[in-house]
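Residue numbers for the sequence shown follow the working numbering, beginning at -18 and rising by one.
Just so it is clear, CB atoms sit at the ideal spot from N, CA and C, and this is done for glycine as well.
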Amino acid sequence: MVEIEVHAVEKQYSTVKAVQGLSFKVEAGKIFALLGPNGAGKSSLIRMLVGLTHPDAGRIEVRFDQQVQAHLPENCFAYLPEDRGLYPDKTVTDNLVYIGRLRGMKVEEIHAQLALWLPRLDLLDKAKENLAKLSKGNQQKVQLISCLMHQPKLLVLDEPFSGLDPINQEHVVSILSELRDAGTTIVLSAHQMALVERLADSMLLLNKGQQVALGSLEQVIEQLSPRKQYVAKFLHPQHKDKLLNNDVVHEVEPIDNDTQFVITPREGVSVNDLLRELMMVAEIADFSRQRPSLHELYLQAVQQHNQQTQLAAAAQ
-18 MVEIEVHAVE
-8 KQYSTVKAVQ
2 GLSFKVEAGK
12 IFALLGPNGA
22 GKSSLIRMLV
32 GLTHPDAGRI
42 EVRFDQQVQA
52 HLPENCFAYL
62 PEDRGLYPDK
72 TVTDNLVYIG
82 RLRGMKVEEI
92 HAQLALWLPR
102 LDLLDKAKEN
112 LAKLSKGNQQ
122 KVQLISCLMH
132 QPKLLVLDEP
142 FSGLDPINQE
152 HVVSILSELR
162 DAGTTIVLSA
172 HQMALVERLA
182 DSMLLLNKGQ
192 QVALGSLEQV
202 IEQLSPRKQY
212 VAKFLHPQHK
222 DKLLNNDVVH
232 EVEPIDNDTQ
242 FVITPREGVS
252 VNDLLRELMM
262 VAEIADFSRQ
272 RPSLHELYLQ
282 AVQQHNQQTQ
292 LAAAAQ
């Protein structure tokens, strides 16, 4: 199995600081997501992870079966770049056979893998077509097969969902989940927050080459949205002021009627104390934590980071 440790890595192109002092760990057999707007440093970081470029400062350690490797053997990992690189004037099969041979696979091994992946990704009827004739989504699936067919221990995928419709996105989600469960380590960048929310074991949110948040989904939510909110549904209609008339509730917002509210407790109030106080006011039918979506947190965090960066620059 493969794991990666990144220590205080920096990368600069001319006057642009693409990556600024990033440190994190990609655990073996897990999915690690890189998130951020265009120009955040995701692709620069990915190119360093796969050895196409080298850090200006810091270091990257790759462990294969618990042994530190200067470079992973090429047949142990696969890299799906943002800029695709297959041959448009060749057929799907010819492209994949060629890539497989470059990977050191035998022809019979390649065809066994194609018999698995072409039907799985609905490409069997496209096998003899030139790549140029395929839709962007189908070309993307061919690229993905080129990364999967030699069964790598490490997958590094730059925008794997690009060009895919929702059905094919679900196919890829299922495939990546299965590979993770089988022990494959996966690093991916993506803009589809709802898919990342379902897939990633941990994630790094970047902006302007800097870390904004790092950890599991729950840890990222805590970092970006430390104030907890809860949804309370009451058996009977309630007045907002009645719910506010205590020492534990900070804010109350009705959702769509007088029985359901978003409730924000005061600082330091535990969920047990909040629930106990609400139960003294009225009968509760349902009570749950309101968790903001990763998409909402992402937009909010990037906006706040941009504002902080601008203020810091203005103060210099």
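{"Asked": "Going along the chain, which unbroken runs of the beta strand (DSSP E) with 3 or more residues stay wholly within the region 30 to 118?", "Found": "38 to 45, 48 to 50, 58 to 61"}
{"Asked": "Counting Cβ pairs, one atom from each stretch, are 3 or more of them under 8 Å apart for the region 1 to 10 and the region 186 to 200?", "Found": "yes"}
{"Asked": "Could you pull the start and end residues of the beta strand (DSSP E) that residue 191 belongs to?", "Found": "191 to 196"}
{"Asked": "According to DSSP, is residue 272 part of a helix, a strand, or is it coil?", "Found": "coil"}
{"Asked": "So, does the CB of residue 281 fall closer than 9 Å to a CB anywhere in chain D?", "Found": "This model lacks chain D altogether, as it is built from one protein chain only."}
{"Asked": "Would you mind working out which of 132, 13, 99, 131 sits nearest residue 121, comparing C-alpha positions?", "Found": "99"}
{"Asked": "Report the CB separation of residue 128 from residue 136 in whole angstroms; it is logged as a contact under 8 Å.", "Found": "6 Å"}
{"Asked": "Give the secondary structure of residue -4 by DSSP, where H, G and I count as helix, E and B as strand, and everything else as coil.", "Found": "coil"}
{"Asked": "Check each candidate in 108, 216, 17, 148 and name the one with the smallest Cα separation from residue 123.", "Found": "108"}
{"Asked": "In the DSSP output, what is residue 211 paired with across the bridge?", "Found": "244, 270"}
{"Asked": "Quick one: measure Cβ to Cβ for residue 30 and residue 185, integer angstroms, because I've assumed they're closer than 8 Å.", "Found": "Wrong, their Cβ atoms sit about 12 Å apart, outside the cutoff."}
{"Asked": "Would residue 278 pass as a contact of residue 194 if the rule is Cβ separation under 9 Å?", "Found": "yes"}
{"Asked": "Rounded to the nearest angstrom, what separates residue 209 and residue 64 at their Cα positions?", "Found": "41 Å"}
{"Asked": "Please say whether residue 246 and residue 237 have beta carbons closer to each other than 9 Å?", "Found": "no"}
{"Asked": "Could you check whether the Cβ of residue 179 sits closer than 8 Å to any heavy atom belonging to the ligand ADP?", "Found": "In the structure on display, the ligand ADP does not appear, and there are no ligands present to speak of."}
{"Asked": "For the beta strand (DSSP E) holding residue 184, just list the boundary residues, first then last.", "Found": "183 to 188"}
{"Asked": "Could you tell me the distance, in whole angstroms, from the CA atom of residue 83 to the CA atom of residue 130?", "Found": "12 Å"}
{"Asked": "Exposed or buried, which one is residue 105 when buried takes at least 16 other CB atoms within 10 Å?", "Found": "exposed"}
{"Asked": "Quick one: residues in its chain with C-beta nearer than 7 Å to the C-beta of residue 272, no 5 flanking neighbours on either side, listed in chain order?", "Found": "202"}
{"Asked": "Report the rounded CA-to-CA distance for residue 218 versus residue 263, giving the unit in angstroms.", "Found": "9 Å"}
{"Asked": "Assess, as a yes-or-no matter, whether the region 31 to 51 is touched by the region -13 to -6 under the definition of 3 or more beta carbon pairs within less than 8 Å.", "Found": "yes"}
{"Asked": "Just list the residues that DSSP pairs residue -12 with in beta bridges.", "Found": "40"}
{"Asked": "According to DSSP, simplified to helix, strand and coil, what is residue 132?", "Found": "coil"}
{"Asked": "Near residue 96, what residues of its chain come up, given a Cβ to Cβ distance below 7 Å and the 5 sequence neighbours on each side ignored?", "Found": "none"}
{"Asked": "Looking at residue 81: is its Cβ nearer than 9 Å to the Cβ of residue 116?", "Found": "no"}
{"Asked": "Express the C-alpha separation of residue 22 and residue 234 in angstroms, rounding to a whole number.", "Found": "38 Å"}
{"Asked": "Using a 10 Å radius around the Cβ and a threshold of 16 neighbouring Cβ atoms, would you call residue 290 buried or exposed?", "Found": "exposed"}
{"Asked": "For the alpha helix (DSSP H) containing residue 231, list its first residue and its last residue.", "Found": "Careful: residue 231 lies outside any alpha helix (DSSP H), inside the beta strand (DSSP E) at 230 to 235."}
{"Asked": "When the Cα atoms are used, what is the spatial distance from residue 259 to residue 223?", "Found": "10 Å"}
{"Asked": "Alpha carbons only, please: which of 269, 239, 155, 240 is nearest the one belonging to residue 252?", "Found": "269"}
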